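Numbering (the numbering used here), first residue to last: 198 to 562.
Where a beta carbon is used, it is the ideal one built from N, C-alpha and C, also for glycine.
Just so you know, these numbers come straight off a predicted model, no measurement behind them.
As structure tokens, the structure follows; a few thoughts come after it.
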Amino acid sequence: MFTKLLTFIVFISSVILSLLITCEAAVILQYHHVSNTTPKSTSISPEQFERHLQYLTDHQFNVVPLPELVSALKNKKTLPDKTVAITFDDTYNDILLQAKPLLDKFGFPFTIFINPKLLSNNANHYLSWSQITALAKSPNQQVTLANHGLTHDSFARKPKNRTKDEWFKQQTQDLLLAEKLIEKYTGQTWRFFAYPYGEYTLDLQTWLRENQFTAFTQQSGAVGLHTDLTIIPRFPASQPYDQLDSLKDKLYSLPLNISVINETINNKISETKTIARYNTISSVNFEVQTKDFYPKSLNCYVSGLGKQKIKWLSQERFSIEFSGPLPIGRVRSNCTAPSINNPERYYWFSQPWFILNTDGSWYPL
198 MFTKLLTFIV FISSVILSLL ITCEAAVILQ YHHVSNTTPK STSISPEQFE
248 RHLQYLTDHQ FNVVPLPELV SALKNKKTLP DKTVAITFDD TYNDILLQAK
298 PLLDKFGFPF TIFINPKLLS NNANHYLSWS QITALAKSPN QQVTLANHGL
348 THDSFARKPK NRTKDEWFKQ QTQDLLLAEK LIEKYTGQTW RFFAYPYGEY
398 TLDLQTWLRE NQFTAFTQQS GAVGLHTDLT IIPRFPASQP YDQLDSLKDK
448 LYSLPLNISV INETINNKIS ETKTIARYNT ISSVNFEVQT KDFYPKSLNC
498 YVSGLGKQKI KWLSQERFSI EFSGPLPIGR VRSNCTAPSI NNPERYYWFS
548 QPWFILNTDG SWYPL
């Protein structure tokens with residue numbers, strides 16, 4: 198009798214833990230073009246985009262406006278399981294012509310991150326301010342308009358002819374001007390910011406936090422109550438990541454509560470950096486708070502290097518000695534592990550680095 202009671206208690210505890218874990222999970226999808234004629238690396242075909250939306254509908258995902266998701270994160274409120282937000286970067290006109298009719302069909306809210314100065318120039322492949330204003334007043338669904346910078350310049354690449362302080366001041370002033378223009382033309386001011394090219398610095402993160410901005414990256418990962426609100430991950434869903442087989446795993450992913458402790462740079466322990474020269478970062482240490490996975494089941498992959506060997510230093514900490522120099526360019530380490538309570542679902546964390554040439558110059562965009 199006691200054994201049966203103990204088994205029942207363990208089962209109920211497992212169910213409760215499972216519910217607590219999955220209810221804290223959300224996923225943000227990132228798109229650019231919805232078109233058959235635009236660059237493949239930033240595009241998804243209208244047909245495939247509709248398959249994405251149909252899958253969300255058929256499997257009862259909770260598609261919410263981005264402000265609703267962010268509000269829950271800020272207030273530490275759990276979201277319904279399988280919560281998803283849909284976002285677009287760069288305000289291309291095919292978002293209106295190809296994506297919106299499909300989103301209308303399914304009744305899904307979505308967000309567009311815009312560059313106001315590009316709209317002012319009224320380039321042929323971008324939406325105009327009048328079109329953006331009309332989207333803001335869309336009667337059938339909520340369309341969130343948010344900040345992608347005044348132009349599409351990187352916020353990490355300081356020009357050689359500018360001092361760090363004057364350049365940073367100009368960049369942040371432009372970001373605030375972009376927010377004012379969005380409010381002027383749309384009536385919306387969420388203080389949401391998506392990093393152009395996904396590139397950011399620690400100084401910019403600090404400024405965004407101090408100025409009450411919520412910021413979004415381009416590295417993969419699920420979103421949870423412990424997510425840093427200055428580097429909220431989004432799953433790219435354009436080619437080659439548009440296939441449903443891989444998208445399914447991402448939609449069901451769980452947030453891995455993990456943080457980077459330090460990196461070894463030139464054989465010295467250093468504060469965490471997002472930007473480094475080629476062949477200077479040799480290892481990284483992580484600290485994990487999530488307990489719902491077996492350490493031996495954790496796998497980490499690095500762009501251009503493949504699967505990396507993990508060394509556990511304690512129950513909470515592990516290190517990776519990189520198998521080679523991190524490649525020049527935008528590099529990511531993706532770490533995943535199956536949940537103990539939900540074995541079909543994976544915890545997912547991504548850490549980006551921006552690796553410069555040996556002379557300190559930036560790689561091409």
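In angstroms with no decimal places, state the Cα-to-Cα distance between residue 206 and residue 289.
-> Caution is warranted here: a pLDDT of 43 is assigned to residue 206, below 50, making its placement in the model unreliable, and no coordinate value can be reported.
Beta carbon of residue 532 nearer than 9 Å to that of residue 502 = no
Same chain, Cβ closer than 7 Å to residue 410, five either side skipped, listed in chain order = 388, 390.
Could you round the C-beta distance between residue 481 and residue 517 to whole angstroms and report it? I think they count as a contact, below 8 Å.
-> 5 Å
Which residues does DSSP pair with residue 517 in a beta bridge?
-> 481, 507
Whole-Å CB distance - residue 286 paired with residue 345, under 8 Å assumed | 6 Å
Terminal residues of the beta strand (DSSP E) in which residue 331 lies = Per DSSP, residue 331 lies in no beta strand (DSSP E); the unbroken alpha helix (DSSP H) holding it starts and ends at 326-333.
For the putative contact between residue 417 and residue 430, defined by C-beta atoms under 8 Å, what is the C-beta separation to the nearest angstrom?
-> 6 Å
Going by Cα to Cα distance, which pick from 271, 340, 513, 282 is closest to residue 298?
-> 340
Proximal residues to residue 441 (C-beta, below 8 Å), its chain only, five neighbours per side dropped = 248, 249, 252
Three or more C-beta pairs below 8 Å linking the region 353-372 and the region 303-313 | The answer is no - the region 303-313 does not touch the region 353-372, with fewer than three Cβ pairs under 8 Å.
Inspect the beta-carbon positions of residue 455 and residue 487 and report whether they are closer than 9 Å.
-> yes
Which class does residue 257 belong to by DSSP, given the choice of helix, strand or coil?
-> coil
Please report how far the alpha carbon of residue 420 lies from the alpha carbon of residue 326, in whole angstroms.
-> 31 Å
Going by DSSP, name the residue or residues bridged to residue 496.
-> 533
What's the C-alpha gap between residue 439 and residue 254?
-> 17 Å
Helix, strand or coil: which one does DSSP assign to residue 282?
-> strand
Going by CA-CA distance only, name the one from 538, 555, 376 that's closest to residue 522.
-> 555
Are residue 281 and residue 260 close, meaning C-beta to C-beta below 9 Å?
-> A contact, by the Cβ cut-off of 9 Å.
Helix, strand or coil: how does DSSP classify residue 491 here?
-> coil
Excluding the five sequence neighbours on either side, which residues of its own chain have a C-beta within less than 8 Å of the C-beta of residue 398, listed in chain order?
-> Cβ neighbours of residue 398 within its own chain (closer than 8 Å, five residues either side excluded): 352, 353, 471, 472.
Taking the continuous beta strand (DSSP E) assigned at residue 341, which residues delimit it?
-> 340-344
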